[in-house]
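Asker: So the sequence shown is numbered by our numbering: it starts at 2 and just counts up by one. C-beta atoms are modelled at their ideal positions from N, C-alpha and C, and glycine is treated no differently.
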Amino acid sequence: MISRCLLALVVLCLLFSCEQVASVEQGVTRTLAVERSDRFSSVHYDLTFHLPGDRSEPVVGTLLLSFKTIAADQDLVLDYTPSESTVQSVWVNEEKVSAILSQGHLIVPARFIEKGYNEVRVSFQSMCDALHRSEDYMYSLFVPNKASEVYPCFDQPDIKATYSLTLNVPSMWECMSNAAVAKVALEGERKSVMFEKTELISSYLFAFTAGIFEKRSFTGEVFDFEMIYRVHDEERLEENLEEIYNLHMRSVAWMEEYTGIAFPFDKFGVAVLPSFPFGGMEHPGVIDYRASLLMLDETATLEDQLKRAGLIAHETAHMWFGNYVTMTWFDDVWMKEVFANFMADKIVAELYPEVNHELAFLYDHYPSAYEVDRTQGTVPIRQELVNLDEAANMYGNIIYHKAPIMMRQLEILLGEKVLQSSLKDYLDSHAYGHADWEDLVTIMQRVSGRDLSVFNKSWIYQEGMPFFELTFQDTDVLYEYDIIQHDPKGKGRVWPQYTDIRFEDDLGYFNNSLYLDDHHYILPSRRGADVSNFVAMNTHGQGYGVFSYGLGYVKEEFLFEQARVDISRYEDDLIRGATYLNLHEYLLQEGFHPQMYFFFLQNYLREEKNEQIVEYLLSLTKQVYFRFFDQRMRSENAENIENLLLNKIEEVESQSLKTSLFNAYVELSVSPEAIRRLKYFWEGDSLPSGVTVSQRQEENLALHIALKGSVEDEDYLTWQMEKMDDDDRVRRLQFIAPATSHDAAMRDEFFELLRRPENRTHESWVLTALSYLHHPVRGEASIDYLKPSLDMIPELQRTGDIFFVKGWLDHTLYGFNSTASADVVRQCLNQNNTSIHLQNKLLQASDLLFRAEANLIDYQAD
2 MISRCLLALV
12 VLCLLFSCEQ
22 VASVEQGVTR
32 TLAVERSDRF
42 SSVHYDLTFH
52 LPGDRSEPVV
62 GTLLLSFKTI
72 AADQDLVLDY
82 TPSESTVQSV
92 WVNEEKVSAI
102 LSQGHLIVPA
112 RFIEKGYNEV
122 RVSFQSMCDA
132 LHRSEDYMYS
142 LFVPNKASEV
152 YPCFDQPDIK
162 ATYSLTLNVP
172 SMWECMSNAA
182 VAKVALEGER
192 KSVMFEKTEL
202 ISSYLFAFTA
212 GIFEKRSFTG
222 EVFDFEMIYR
232 VHDEERLEEN
242 LEEIYNLHMR
252 SVAWMEEYTG
262 IAFPFDKFGV
272 AVLPSFPFGG
282 MEHPGVIDYR
292 ASLLMLDETA
302 TLEDQLKRAG
312 LIAHETAHMW
322 FGNYVTMTWF
332 DDVWMKEVFA
342 NFMADKIVAE
352 LYPEVNHELA
362 FLYDHYPSAY
372 EVDRTQGTVP
382 IRQELVNLDE
392 AANMYGNIIY
402 HKAPIMMRQL
412 EILLGEKVLQ
422 SSLKDYLDSH
432 AYGHADWEDL
442 VTIMQRVSGR
452 DLSVFNKSWI
462 YQEGMPFFEL
472 TFQDTDVLYE
482 YDIIQHDPKG
492 KGRVWPQYTD
502 IRFEDDLGYF
512 NNSLYLDDHH
522 YILPSRRGAD
532 VSNFVAMNTH
542 GQGYGVFSYG
552 LGYVKEEFLF
562 EQARVDISRY
572 EDDLIRGATY
582 LNLHEYLLQE
592 GFHPQMYFFF
602 LQNYLREEKN
612 EQIVEYLLSL
622 TKQVYFRFFD
632 QRMRSENAEN
642 IENLLLNKIE
652 EVESQSLKTS
662 LFNAYVELSV
672 SPEAIRRLKY
682 FWEGDSLPSG
692 VTVSQRQEEN
702 LALHIALKGS
712 VEDEDYLTWQ
722 MEKMDDDDRV
732 RRLQFIAPAT
742 SHDAAMRDEF
752 FELLRRPENR
762 THESWVLTAL
772 SYLHHPVRGE
782 ASIDYLKPSL
792 DMIPELQRTG
802 DIFFVKGWLD
812 HTLYGFNSTA
822 SADVVRQCLN
832 QNNTSIHLQN
842 KLLQASDLLF
852 RAEANLIDYQ
862 AD
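#1: Select from W460, I461, V442 the residue whose C-alpha is nearest the C-alpha of D452.
#2: Quick one: grab the DSSP three-state call for V11.
#3: Could you check where the alpha helix (DSSP H) with F456 kicks off and where it finishes?
#4: The beta strand (DSSP E) spanning H133 covers which residue range?
#5: Is F224 closer than 7 Å to Y164 when the C-beta atoms are compared?
#6: Starting from the C-beta of R191, find all residues in its chain whose C-beta is less than 8 Å away, skip the five residues before and the five after it, and write them out in chain order.
#7: Please go through the stretch 556-621 and give each complete alpha helix (DSSP H) segment of 4 or more residues, from N-terminal end onward.
#8: For the beta strand (DSSP E) containing Y140, list its first residue and its last residue.
#9: So the beta strand (DSSP E) F468 belongs to, where does it begin and stop?
#10: Along the chain, where does the alpha helix (DSSP H) containing C129 start, and where does it finish?
#11: Classify Q721 as buried or exposed, calling it buried when 16 or more other Cβ atoms lie within 10 Å of its own Cβ.
#12: Can you tell which of G189, L274, S655, L647 has the C-alpha that lies nearest to the C-alpha of K216?
#13: Within a Cβ cutoff of 6 Å, which residues of the same chain sit near L718, ignoring the five residues on either side of it in sequence?
#14: Quickly, what does DSSP pair E175 with across the bridge? List them, please.
#15: Would you identify the three-state DSSP class for S711, choosing helix, strand or coil?
#16: Rounding to the nearest angstrom, what Cα-Cα distance links L810 and K842 in this structure?
#17: Among V667, Q632, F630, which one has its Cα closest to the Cα of L647?
#18: When you compare only the Cα positions, how much space is there between F627 and R635?
#19: Note the first and the last residue of the continuous beta strand (DSSP E) segment covering N513.
#20: From this set, S819, N856, L814, which residue's C-alpha is nearest L844's C-alpha?
#21: Are the CB atoms of T260 and W321 within a distance shorter than 7 Å?
#22: Assign Q377 to one of three DSSP states: helix, strand, or coil.
#23: Which ranges would you report for the alpha helix (DSSP H) in the stretch 260-320 if only whole runs of at least 4 residues count?
#24: Apart from the five residues just before and just after W255, which ones in its own chain have a Cβ nearer than 6 Å to its Cβ?
#25: Any contact between the stretch 28-47 and the stretch 403-411? By contact I mean 3 or more CB pairs, one from each, below 8 Å.
#26: Mind reading off the beta-carbon distance from E464 to V536? Whole number of angstroms is fine, and I expect it under 8 Å.
#27: Consult DSSP for T800 and reduce its assignment to one of helix, strand or coil.
#28: Quick check: the Cα distance between A361 and N398, rounded to an integer number of angstroms?
#29: Going by the beta-carbon positions, is the gap between H435 and T317 smaller than 7 Å?
#30: Relative to the alpha-carbon of Y140, which residue among M445, N513, V271 has its alpha-carbon at the smallest distance?
#31: In the DSSP assignment, find the beta strand (DSSP E) that holds A821 and state where it starts and stops.
#32: Could you give the first and the last residue of the continuous beta strand (DSSP E) run that contains S42?
#33: How should V387 be labelled, buried or exposed, when 16 other C-beta atoms within 10 angstroms of its C-beta is the threshold for buried?
#34: Reducing DSSP to helix, strand and coil, say where I101 ends up.
#35: Just the Cα atoms here: how many angstroms apart are V253 and K623?
#36: Tell me where the alpha helix (DSSP H) around R503 begins and ends.
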């Protein structure tokens, strides 16, 4: 049976089909975007939404769109892609018209459009997913091109507009949008909240949030700051709110100082949401955040604190980079992300001066960038984009993590002051407007006097990373080192970059800083000079690629005692931390003996004192244990790693590090004795010295006990929910619980539920559930879900938010490393029935599966 909403949409299309208009393609093509940007200006949206308290009822809206056009000889093509929505009426310049819905557009025939000023009025209803509606709150999320799912608009970033908004909501709800509240009118059990007009913003930045929230306001000298949140942990509330406010204000002050531009918007608002799918979203005036990342509990680690500060600094930097100046087209979405991350790194360095921020930069960006760039599905920083329907595919680790590495290389090349001056010029030149990457390149070349064409082509427009090899040339006169930069794809490409090489002999050491911009770099040494006993490359972690020499590693002999000593003997934390990273990436490229590498990782963990490095080593330990071990290997190694972590918890003094080690113990525990300990820990008994357990950790303990224990241990989830007073987190746990079940039929039913879009509303919950459904301890019991999970990718791309497809793939494939599972993925790839973007995401997500399969085959062959 056709729904009433869909029937009305069909009838509307039939009624309007007699009007002749030019044909349009599905989505927003680059051609359409350029044509509209040239024609339209002075765009303003006046929107009213009636938001029911019952999320099963449709949202009713009205739009008054005004604009100027330089010509009236073409149809007006607005973007409108309703799923279950109806257009009730369309008026243009006070005349009711027969608009046409076609290919994701609402088209008004040219005869109704006048040169100069025009007004379009539309009444509509909406039930779309871009209005994320929960039981008693909702928020809009329109990035990258989902505003047109809700209301007709020019859904492209370079047609910036002002907005006026009115929300009609239940009287108990709080509301927040891009601008300050101008007026509130009570209407019985409902109220209308009217907001001031916004500054010029893009359609993906228009946003509103409404629901049952607490609200806190702070009045500043230049702009007001307001925050809405849901209260559950009263003990930590004030401390968190004060820190959140301070981190935002200090980030704003830093950005104002760096750019020389005052905060460019009239208000600063923050919405702390229980199940927000991203870490944050930078809507001016209403930044959305995931609550768990901002509202830290008493057991928060140093990593948790740095992540919160970095997230806040990132979203704050977007007010300048992305909001004040926006990319012209979404092929340059990486620009706003790279500058947000790059500025955030600088801000956090000032907020936490006691932290080694060279190490922080190394571990924040390099592992995540390598994770993609080592795969067959890697992509350039700037990807080609022909239609905004594919814009979500521009996002990923390359723009968030490789791009900041590139930017640091560029800053070293140009100098800090030159880059800063160039960015100020860029912001001043395009205030409240838009620009692209080549606009900035032109400015940087003018300010610096440098030709950046080679650097630009190498880093921005080509994918992948180089391999570095060190060879020796022994002649009668010179003893030379030749650093060779290889292109793994055999195309002869070079990535110009700064790195270093360290020489050691019996008298000491010295470092050479290098700029490698060719295939060969010769380092001469006088004949007769002492030959260095040890040479290591990229010891300060600036270089990007695979650095093999100096790791004490030969594949056929791996791993001898020298490898462990050569790393742990470094007193400098950065050198030691970078060398661990260089080693791991090289091993992933070349292959390794899983048991032997795991043995040395335990030695590294046992000896390491630096908290940041320990966090990184824990991540490697978990990767090898769960991705490269089979069930038997985990069972054989369980007792050693579990005891090591317990002993390490007792040894360290840092409360933060104790928490990190404790959390790792919970994740890595698989032996019967360890599961018994987890039960004691959940009850608050026999905890390691200095360890306290927060409610979130109790939830995590209950989930792991249910997953790894017996059928009866599933009761721990019931008991946990009975202890909780946070309804949002209870609903989360209720959703995830079936994924931990020992009952295969229940897991089957749960997976079938996930196949329906309405059950994937809380995407962060879905991804967590997938991690238990496909957990490695199940021994690939969920392999029957693998093919249908991969078959769903195109639909997930259409219905999910920008990071959901990659998250779905990562969490699904995490539990697999067998040839049988790898064959399922290979079959999907060979069918080639998805877009190149989705093929790349699958190649990225399956890379460790294929490497683990090969390693296990080699290991079992031994």
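Answerer: Taking the coordinates as given:
#1: V442
#2: Because V11 carries a pLDDT of 41, less than 50, the predicted location of this residue cannot be relied on, and no value is offered for it.
#3: 454-461
#4: Boundaries of the beta strand (DSSP E) harbouring H133: 132-134, taken from the DSSP string.
#5: no
#6: N169, V170, P171, S172
#7: 562-569, 574-591, 595-608
#8: 138-141
#9: 468-475
#10: Note, C129: premise wrong, no alpha helix (DSSP H); not H, not E.
#11: buried
#12: The shortest C-alpha separation from K216 is found at L274.
#13: Once the five neighbours on either side are set aside, the close Cβ partners of L718 are A703, A707, A738.
#14: G212
#15: coil
#16: 8 Å
#17: Comparing Cα-Cα distances from L647 to each of V667, Q632, F630, the minimum goes to V667.
#18: Roughly 8 Å separates the two Cα atoms.
#19: From DSSP, the beta strand (DSSP E) with N513 extends over 509-517.
#20: L814
#21: Cβ distance < 7 Å, so W321 and T260 count as in contact.
#22: coil
#23: 292-295, 303-318
#24: I348
#25: The stretch 28-47 is not in contact with the stretch 403-411.
#26: Rounded, the Cβ-Cβ distance is 30 Å, inconsistent with contact.
#27: helix
#28: 17 Å
#29: no
#30: V271
#31: Element bounds for A821: not the beta strand (DSSP E) but the alpha helix (DSSP H), 820-832.
#32: 41-51 is the extent of the beta strand (DSSP E) around S42.
#33: The residue is exposed, with fewer than 16 neighbouring Cβ atoms inside 10 Å.
#34: strand
#35: Roughly 37 Å separates the two Cα atoms.
#36: Per DSSP, R503 belongs to no alpha helix (DSSP H); it is in the beta strand (DSSP E), 498-506.
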